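Chains as they are written, first to last, in the numbering used here: chain A, 226 to 770; chain B, 7 to 187.
Ideal placement from N, C-alpha and C gives every residue a C-beta, glycine not left out.
Keep in mind that this is a model prediction, so the values were computed, not measured.
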Amino acid sequence: MPITFIDIEKQKTWRIGIFYFILLCLYYIVAIAFVQGIFFIFPIFFIKTGSIFIWNNPHTLLIIFIFCVFLSVIHFYFSSFNAVQNVMKNIEATIPDTNDGIHKRFINILNEIQIASGNVKKIQPMVIPSLSMNALAVSDLRGESAVAITEGLLSRLSRQQLEAVLAHESYHIISGDCLEATIATSLFGLYAAMLDKLQSFGEDEKREGGLHPAFIFFWILVKMSYLLNLLISREREYRADAASVRMTRNPVALAEALYLISNNWRGTGTISSGLEMLCVINPKESEIDESEGFWANLISTHPPIKKRIKTLLNMAHLSLSDMEKKINDKHEKAEDIETTENRYYVLDKSNQWQGPYTTSELKEISWISPGTWIKKFSSEDIERASEDDFLNCLFLEHLTSSHSKHISDIKCPLCKQPLLKIPYERTYIYRCHYCRGSLVDNDKIHRILARREQKFNERITALAKAVQLDNQKNLFYRKNNNTKLETRQLIRCPKCQNFMMKRFYSLAYLVEIDRCGICNVTWFESDELEILQCVIENKITANSI
Amino acid sequence: MITSIFIAIVLILIIWVIIIYNNIISLKNQVKSAWSQIDVQLKRRHDLIPNLVSAVKGYMQYERDVLQRVVTARTTAMNTFRMLEKAEKENLLTEALHNLFAVMEKYPVLKSNTNVLELQEELVSTENKIAFSRQFYNDIVANYSTMLESFPNNIVASFFKFEPAEYFRVKETEKIKPEYN
Chain A
226 MPITFIDIEK QKTWRIGIFY FILLCLYYIV AIAFVQGIFF IFPIFFIKTG
276 SIFIWNNPHT LLIIFIFCVF LSVIHFYFSS FNAVQNVMKN IEATIPDTND
326 GIHKRFINIL NEIQIASGNV KKIQPMVIPS LSMNALAVSD LRGESAVAIT
376 EGLLSRLSRQ QLEAVLAHES YHIISGDCLE ATIATSLFGL YAAMLDKLQS
426 FGEDEKREGG LHPAFIFFWI LVKMSYLLNL LISREREYRA DAASVRMTRN
476 PVALAEALYL ISNNWRGTGT ISSGLEMLCV INPKESEIDE SEGFWANLIS
526 THPPIKKRIK TLLNMAHLSL SDMEKKINDK HEKAEDIETT ENRYYVLDKS
576 NQWQGPYTTS ELKEISWISP GTWIKKFSSE DIERASEDDF LNCLFLEHLT
626 SSHSKHISDI KCPLCKQPLL KIPYERTYIY RCHYCRGSLV DNDKIHRILA
676 RREQKFNERI TALAKAVQLD NQKNLFYRKN NNTKLETRQL IRCPKCQNFM
726 MKRFYSLAYL VEIDRCGICN VTWFESDELE ILQCVIENKI TANSI
Chain B
7 MITSIFIAIV LILIIWVIII YNNIISLKNQ VKSAWSQIDV QLKRRHDLIP
57 NLVSAVKGYM QYERDVLQRV VTARTTAMNT FRMLEKAEKE NLLTEALHNL
107 FAVMEKYPVL KSNTNVLELQ EELVSTENKI AFSRQFYNDI VANYSTMLES
157 FPNNIVASFF KFEPAEYFRV KETEKIKPEY N
């Protein structure tokens with residue numbers, strides 16, 4: 226038979242039964258522990274009924290059991306009947322826009338796949354607004370099902386590659402193994418996803434505080450979701466790959482798609498950890514996924530990508546290197562020998578990721594500076610632009626072309642770019658072109674402070690007042706509470722590379738400076754030098770404001 | 007005793023024949039519905055072609071004959087109804103369309119025309135749908151033929167005079183995959 230999977234679907238229902246059973250047990254254990262606790266605290270009220278230990282009271286056990294059945298049925302009903310919508314809400318997916326060319330193509334391809342599979346089931350297309358590359362499939366007990374694709378995947382895969390990925394995902398839905406994964410996810414994994422979000426909110430406030438006791442139940446659910454990985458086998462991914470090939474008759478396209486996804490950002494961070502078993506490739510790069518053996522087979526949800534790609538390529542009698550060559554050739558044609566290595570995402574001023582930009586495009590962008598956060602196209606880490614060798618060369622090139630006369634051999638401690646030696650108040654200071662921080666020899670500070678050629682605009686005056694007040698408050702607070710100086714990152718001295726000491730200029734003039742005791746130099750961050758001058762010239766102290 | 011065994015055997019035989027008959031019928035209907043699926047897509051392609059031709063006509067003054075081939079292939083395909091013939095004519099139309107797409111690649115102006123791009127996307131999608139539904143149809147026909155020709159079934163099939171279904175045959179260069187992203 227072509228693809229009629231009704232019998233497979235029947236086999237899957239017992240697994241869903243197991244999920245319900247696990248949930249029930251969980252509720253029962255928690256409830257018994259809770260009631261037992263009450264018994265211990267108020268023994269007098271219950272002593273008449275018999276023993277203080279709950280397992281000697283069959284009536285109480287039964288009542289708790291009925292209560293738990295009731296609760297877990299509600300839980301099960303709400304999470305598994307609306308699973309599609311719940312999951313979609315969690316990943317913020319939306320319905321594709323029919324006026325958008327790329328989205329329209331997505332809808333078309335999904336329709337094609339449905340025809341290829343014999344129109345068994347209606348599948349709702351969804352788009353995840355994320356630059357990462359991943360796809361996931363969900364279906365629930367109401368019979369609704371959806372395939373969600375990230376924008377990154379939609380626009381970066383070719384038509385056949387996308388077709389292959391969609392065929393893979395729709396097999397998950399048609400075969401019914403998506404149903405079991407979705408229910409597992411919505412029963413347990415969604416809480417993991419929620420907890421992820423809560424934790425990232427609370428991270429700045431109190432790192433050592435730990436979790437609120439109310440989260441303990443959620444926490445147990447999260448841990449349960451790891452156990453569920455035991456039940457969800459890797460084999461289903463192989464089966465879905467095979468079915469995708471049967472539908473599209475194009476193993477190479479799927480291999481290429483898997484290769485592209487695995488070598489790009491798979492959505493770590495945007496797709497929460499509880500949802501990983503629904504995705505085409507695990508969003509988190511984990512070692513256990515790439516290894517084989519009994520334990521790896523048991524614990525992980527996805528098989529090794531290399532093995533999947535190899536199996537697919539074997540069908541087409543190709544080797545991995547052939548495919549890599551083909552993909553790289555295409556890139557070269559498209560972007561004048563610019564490899565994917567040299568493409569960057571850049572965080573712009575409104576905190577939005579932009580890109581990926583090629584290196585030639587980066588040169589044209591004026592707002593990028595060494596302090597800007599960037600992410601390489603091929604890697605997962607986010608770093609400052611100054612930490613990237615290639616971008617540093619770019620900045621240096623820019624600097625030498627515009628200010629070649631002033632370049633000194635001292636480097637800015639933040640931007641790692643050469644400082645410019647510029648005249649200031651009839652003497653010389655070193656200033657960074659990008660972050661506007663200044664390095665001043667200690668003996669020159671007094672000269673600068675005494676001289677009054679530099680005029681301050683209103684911004685500096687206002688800033689000076691604000692800084693004074695703020696620092697005064699901090700100082701006062703610190704004295705009263707006896708806490709240590711907050712550990713802002715210490716800066717290394719540009720000359721001797723030792724850590725500089727962070728301190729106020731004086732207790733009357735509360736401007737923060739970094740001083741190196743060995744080289745006798747002081748580092749002012751942007752505007753700090755002007756603020757200090759302004760403060761001293763106008764005698765702005767916190768008490769006088 | 008013997009008579010009752012004989013009756014039992016006859017009953018089992020009858021039930022068995024009924025089961026086989028029903029299986030064949032259900033497959034036969036699947037073949038029919040798979041064919042109608044192809045038909046829907048073919049019809050859609052016929053509807054889309056005039057739009058595309060009129061959209062690109064202005065840009066492609068020197069490719070009159072390419073366009074003309076598409077138009078004539080469409081009309082002949084639309085006017086044939088017998089299955090074998092229809093498959094052949096539709097293949098001609100597919101070929102003509104591929105030719106048109108290949109020529110369109112030469113005109114960069116067309117790539118910046120959203121209307122043409124949309125139409126092209128629709129046509130490509132329809133082409134793929136035709137290919138997929140034909141693939142599905144052929145799979146079902148294969149099942150149907152296996153059902154008719156395998157051993158005990160063929161007796162029943164020949165008794166009830168089931169006719170084998172036709173494959174939708176195509177030439178090798180099929181299922182276009184243009185890339186314009």
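Spatial neighbours of D561/A within its chain, please: C-beta separation below 8 Å, excluding the five flanking residues on both sides. With a pLDDT of only 44 at D561/A, under the threshold of 50, the placement of this residue in the model should not be trusted, and no figure is reported.
For L123/B, would you say it is in contact with chain A, using Cβ-to-Cβ distances shorter than 8 Å as the test? yes
Check whether the Cβ of K135/B lies closer than 8 Å to any Cβ atom in chain A. True, the Cβ-Cβ gap to chain A drops below 8 Å.
Residues of chain B with CB closer than 8 Å to the CB of E168/A, please, in chain order. Since the first and last residues shown for chain A are 226 and 770, residue 168/A lies out of range.
In angstroms with no decimal places, state the Cα-to-Cα distance between M548/A and F303/A. 46 Å
Please check if any C-beta of chain A sits within less than 8 Å of the C-beta of Q126/B. no
Helix, strand or coil for M110/B? Go by DSSP, reduced to three states. helix
Proximity test, Cβ basis, 8 Å: I340/A and chain B: yes
Nearest-angstrom Cα separation, counted from A318/A out to I21/B: 53 Å
Residue nearest to V23/B in terms of C-alpha spacing, selected from A163/B, A137/B and V147/B: A163/B
Could you check whether the Cβ of E376/A sits closer than 8 Å to any Cβ belonging to chain B? no
Once you ignore the five residues that flank N85/B on each side, which residues in its own chain have a CB closer than 6 Å to its CB? There are no such residues.
Within 8 Å of any Cβ in chain B, is that where the Cβ of N333/A sits? The beta carbon of N333/A falls within 8 Å of a beta carbon belonging to chain B, placing the residue at that interface.
Quick one: any contact between the stretch 25–43 of chain B and the stretch 94–107 of chain B, if contact means 3 or more CB pairs under 8 Å? no
In the stretch 134–155 of chain B, which residues sit with their C-beta less than 7 Å from some C-beta in chain A, listed in chain order? N134, K135, F138, S139, Q141, F142, D145, I146 and N149
Are L73/B and L106/B close, meaning C-beta to C-beta below 8 Å? yes
Looking at C-alpha atoms only, which residue of R381/A, I334/A, L382/A and A409/A is the closest neighbour of S395/A? I334/A
Which residues in chain A sit within 9 Å of S32/B, going by Cβ to Cβ distance? Contacts between S32/B and chain A, judged by CB atoms closer than 9 Å, are missing: the closest CB pair is about 11 Å apart.
Unbroken alpha helix (DSSP H) run spanning A409/A, endpoints: D402 to A409
Per the contact definition of three or more C-beta pairs closer than 8 Å, is the stretch 738–758 of chain A in contact with the stretch 657–669 of chain A? yes
Between which two residues does the beta strand (DSSP E) harbouring Y653/A extend? Counting along the chain, the unbroken beta strand (DSSP E) around Y653/A starts and ends at T652 to R656.
Proximal residues to E369/A (C-beta, below 6 Å), its chain only, five neighbours per side dropped: If we look at E369/A and ignore the five residues flanking it on each side, its Cβ neighbours are V309.
What does the alpha-carbon distance come out to for the pair S469/A and C250/A? 38 Å
M7/B (DSSP reduced to helix, strand or coil): coil
What does S42/B reach in chain A if we use C-beta pairs closer than 7 Å? Under the 7 Å cutoff, chain A gives no residues; its nearest Cβ is about 11 Å from S42/B.
Closest by C-alpha distance to R728/A, when choosing among A480/A, N696/A and R609/A: N696/A
For F230/A, name the three-state secondary structure that DSSP assigns. With a pLDDT of 44 at F230/A, under the threshold of 50, the modelled position of this residue cannot be trusted; read the value that follows with caution. Three-state DSSP puts F230/A in coil, outside helix and strand.
Roughly how far, in whole angstroms, is the beta-carbon of M313/A from the beta-carbon of A406/A, given that I think they are within contact range, below 8 Å? Here M313/A is actually not in contact with A406/A; their C-beta atoms are around 15 Å apart, not less than 8 Å.
Excluding the five sequence neighbours on either side, which residues of its own chain have a C-beta within less than 6 Å of the C-beta of I635/A, listed in chain order? L644, Y655 and P719
Cβ-based burial, I241/A [other Cβ within 10 Å; buried from 16]: Its Cβ being crowded by 16 or more others within 10 Å, I241/A is buried.
Same chain, Cβ closer than 7 Å to K346/A, five either side skipped, listed in chain order: S370, I398 and I399
Once DSSP output is grouped into helix, strand and coil, what is the label at I599/A? strand
Ordered along the chain, which non-local residues of its own chain (more than five positions away) have a Cβ less than 7 Å from that of P170/B? S151 and L154
For S744/A, three-class secondary structure by DSSP: A small fix is needed here, since residue 744/A is Cys in this sequence, not Ser. C744/A falls in the coil class under three-state DSSP.
Going along chain B, which residues have a C-beta under 7 Å from K329/A? Under the 7 Å cutoff, chain B gives E127.
Going straight from the alpha carbon of L639/A to that of S611/A, what length do you get? Spanning the alpha carbons of L639/A and S611/A requires a straight line of approximately 8 Å.
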